[in-house]
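Chemist: The sequence shown maps to residues 269 to 735 in my numbering. Heads up, the beta-carbon is just placed ideally off N, CA and C, and yes, glycines get one too.
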Amino acid sequence: METILIVDDDQDLQLNLSSVLELEGYTVECVGTGMQALSKIKEMLPTVVLLDRNLPDISGMEVLQKVKEVAPQFDGAIIILTAYGDINSAIKAMKLGAYDYITKPFDNDGLLFTIDKALNNQRLAKEVKMLRKQLGDRIGTEKVMGKSDKIKDVVKRVSLIAPTNMSVIIQGASGTGKEVISKLIHQKSLRKDKPFIPIDCGAIPENLVESELFGYEKGAFTGANKDKKGKFELAEKGTLFLDEITNLPESAQAKFLRALEAREIVHIGGKKPIKVDVRIITASNINLVDAVSQGDFREDLYHRLNEFKIMLPLLKERTIDIPILAQIFLEDSNKELNKNISGFTNSSIKKMLEYSWPGNIRELRNVIKKAVLLEDKEKINHENLEFEGTVKNKKSSKDSVEEYTHKILELGFSLKDIMFELNNNIEKEIIISILKEVHYNKSKAAKILDIERKTLYSKISLFGIES
Ligand SMILES: Nc1ncnc2c1ncn2[C@@H]1O[C@H](COP(=O)(O)OP(=O)(O)OP(=O)(O)O)[C@@H](O)[C@H]1O
Ligand SMILES: [Mg+2]
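1. Go to F500, then tell me how far its alpha helix (DSSP H) extends in each direction, as first and last residue.
2. Alpha carbon to alpha carbon, how far is I407 from E292?
3. Please list, following the chain, all residues that have a C-beta closer than 7 Å to any non-hydrogen atom of ligand 2.
4. With C-beta atoms as the reference, is L583 less than 8 Å away from N628?
5. At what residue ranges does the segment 305 to 364 contain a whole run of the beta strand (DSSP E), taking only runs of 3 or more?
6. Pull up the distance between the alpha-carbon of N744 and that of V296, whole angstroms please.
7. Can you list, in chain order, the stretches of the alpha helix (DSSP H) that have 4 or more residues and sit fully within the segment 541 to 620?
8. Is any heavy atom of ligand 1 found at a distance shorter than 7 Å from the C-beta of N553?
9. How is D511 classed by DSSP in three states: helix, strand or coil?
10. Going by beta carbon distance, what residues of the same chain come within less than 8 Å of E504, once the five residues before and after it are set aside?
11. Apply the 10 Å Cβ neighbour rule to M620 and answer buried if 16 or more other Cβ atoms are within range, or exposed otherwise.
12. With distances taken between CB atoms, is the gap from V316 to I272 smaller than 8 Å?
13. Helix or strand or just coil, what does DSSP make of Y294?
14. State the Cα-Cα distance for the pair E410 and I449, rounded to the nearest angstrom.
15. Just to check my reading of the structure: T507 and H454 have Cβ atoms closer than 8 Å, yes? What is that Cβ distance to the nearest angstrom?
16. Ends of the alpha helix (DSSP H) at F482?
17. Output the distance between the C-alpha atoms of D343 and K385, rounded to the nearest integer angstrom.
18. Relative to ligand 3, is the shortest distance from any of its heavy atoms to the C-beta of I609 smaller than 7 Å?
19. Whole-angstrom Cβ separation of D320 and D276, contact assumed at under 8 Å?
20. Would you grab the beta carbon distance between I648 and S616 for me? Rounded to a whole angstrom, and I think it's under 8 Å.
21. Quick check: I702 and A713, are their CB atoms within less than 8 Å of each other?
22. Say the cut is 7 Å; is the CB of L593 nearer than that to a heavy atom of ligand 1?
23. Would a C-beta distance cut-off of 8 Å place I438 and I578 closer than the cut-off?
24. Measure from the alpha carbon of M312 to the alpha carbon of each residue in G491, R630 and I733, then state which is nearest.
25. Is the distance from the Cβ of A560 to the Cβ of P517 below 8 Å?
26. Please indicate yes or no: does the CB of S729 lie closer than 7 Å to some heavy atom of ligand 1?
27. Give the straight-line distance between the Cα atoms of Q279 and D377, rounded to the nearest whole angstrom.
28. Starting from F524, follow the alpha helix (DSSP H) in both directions and report where the run begins and ends.
29. Could you work out which residue in I359, K539 and S307 is closest to V338 when comparing CA atoms only?
30. If we ignore side chains and look at the alpha-carbon of each, how far apart do N608 and I676 end up?
31. With a threshold of 7 Å, establish whether the CB of T444 neighbours any heavy atom of ligand 1.
32. Within its chain, find whatever has a CB closer than 8 Å to the CB of R425; leave out the 5 residues flanking it on each side and keep chain order.
33. Does ligand 1 have even one heavy atom less than 7 Å from the beta-carbon of R633?
34. Which residue or residues does DSSP assign as beta-bridge partners of V706?
35. Taking 6 Å as the limit between beta carbons, can you name the residues of its chain near G537, skipping five residues before and five after?
36. How many whole angstroms separate the CB atoms of D325 and T301, which I take to be in contact at a CB cut-off of 8 Å?
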């Protein structure tokens, strides 16, 4: 439902025009001064503004000049209305960003036609922007999968499932590429030219998850001052990617399941069911079967989502891909940091192959980028490969003090950085030993550690603890 703001001090015009536009199904608001217009635009971000050139306080042209400064997020179309149509001010208005310029008196059909054109223009601009991004993503993903059997198997499964409408669960530790794979499935699907809408269930406050997913009607709750589409509607005919699905609150799990089964949603505060056609991909760095058995996730929803599952390997389980990915990340970092490092010394390759990569591909990408920044020779040397997690051979405390002093003196680490790293390592070791104590029963472990189960889960994935 598009919203239109009429800015004109002529009450009769406001009245006539709003009734014409409401009949067309638009939501209409009216103000009579330039200052009111600026604050209304900032508040409601209308899709179209009909702006009279002559207003009692500041002119329509001044509003046009100030709108980007006052409401940077505004990307609607402004149509100037004026009684004195002269070509010079029309050109001036377009230069200031107006979409069109209409002389009064105008006929309603002509105005409706112009509004229609403006809306089409906006839709097209949004589609181009989305397609450009998808293109960028597509080019980015295709070239760097790897050649290990494990990843080849993943790519094969992606090609199998992508052209279907089946729901897919992608499971894998943090940084193994769940989001990358979900995008690849979308790009290889019949929905590739439609939206790919991600939603991180863990990043949204519990009480907002439902309105994010299903949208809401104006007045549904305080602050709902206009209708808002949810992610389901934004993903229409495309793909909805729910990341960290186990963080979906219980109440939302029930509603989500109903929406999947009925293929329709209802806005918060709304009554009318809205048909939806979206393909569902979910991701989790927690074993969903565990979450179901521990009562953290609805079994029926799990089975509804689990039409197909893709398990992503840890990076250390496909070491032959490490040099391939490292070379790609080296080229990306060279471009970004304007450097020209050609490759890696044998000792640095060896070091990378021996490392456990708790942060998987994301960590590899960050380590390479840092090494490119640090390196001043033709090839990356192993000293410049700095690993955060544990390497295979254990260090004595004397060694670690030496190493940390070196990091502070030579590499500009702060004491805070070192303590953060130390605490992380110790915290990880403690969690592992408690989990072992309780045979990896996470509820028991969380109780003993006196932390929230969700906190335990996120620490398990942050530290790459196998559980
Ligand atoms: N095959 C790949 N080629 C290139 N880069 C990749 C690949 N897979 C993952 N990456 C990069 O590694 C990083 C982590 O990938 P992604 O975000 O998909 O992981 P994730 O499994 O979703 O992680 P998390 O669980 O932490 O959300 C991203 O920056 C991504 O660009
Ligand atoms: Mg992710």
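Modeler: Per the coordinate set shown:
1. Counting along the chain, the alpha helix (DSSP H) containing F500 begins and ends at K499 to L502.
2. Confidence in I407 is poor, its pLDDT being 49 and thus under 50, which makes the residue's placement too unreliable to answer from.
3. Taking every residue with its beta carbon within less than 7 Å of a heavy atom belonging to ligand 2 gives, in chain order, K446, E447, D511 and A551.
4. If you check the CB distance, L583 and N628 come in under 8 Å.
5. Runs found: 316 to 320 and 345 to 350.
6. Lying before the first or after the last residue shown, residue 744 is absent from the chain, which here runs from 269 to 735.
7. The alpha helix (DSSP H) runs of length 4 or more contained entirely in the segment 541 to 620 are, from start to end of the chain, 556 to 561, 567 to 573 and 589 to 605.
8. Indeed, a heavy atom of ligand 1 lies less than 7 Å from the Cβ.
9. Of the three classes helix, strand and coil, the one that applies to D511 here is strand, per DSSP.
10. Result list for E504: K462, P463, V544, D545 and V546, in chain order.
11. Under this definition M620 is a buried residue.
12. Closer than 8 Å, so yes.
13. It is coil, neither helix nor strand.
14. Because E410 carries a pLDDT of 49, less than 50, the predicted location of this residue cannot be relied on, and the following value inherits that uncertainty. Taking the straight line joining both Cα atoms gives about 10 Å.
15. With a Cβ gap of about 4 Å, T507 and H454 count as contacting.
16. Element bounds for F482: V477 to F482.
17. Taking the straight line joining both Cα atoms gives about 15 Å.
18. Ligand 3 is not part of the structure shown, which contains ligand 1 and ligand 2 as its ligands.
19. The pair is a contact, with the Cβ atoms about 4 Å apart (cut-off 8 Å).
20. The Cβ separation is near 5 Å, so the contact holds.
21. Contact: yes.
22. At a threshold of 7 Å, L593 counts as near ligand 1, since its beta carbon sits closer than that to one of the ligand's heavy atoms.
23. Yes, they are a contact pair.
24. The residue with the shortest Cα to Cα distance from M312 is G491.
25. One point to set straight first is that residue 560 is Val, not Ala, in the sequence displayed. No; because the gap between Cβ atoms is not below 8 Å, this pair is not in contact.
26. S729 Cβ: within cutoff of ligand 1.
27. Taking the straight line joining both Cα atoms gives about 20 Å.
28. Note, F524: alpha helix (DSSP H), E518 to A530.
29. Nearest C-alpha to V338: S307.
30. Approximately 27 Å, taken between the alpha carbons.
31. Annotation for T444 indicates a beta carbon within 7 Å of some heavy atom of ligand 1.
32. Contacts found: F576 and I578.
33. Within the cutoff, so yes.
34. The partner list for V706 (beta bridge, DSSP) is empty, contrary to what the question assumes.
35. Excluding sequence neighbours, G537 sits near Y484, E485 and A488.
36. Between D325 and T301 the beta-carbon gap is near 5 Å, inside 8 Å, which marks them as a contact.
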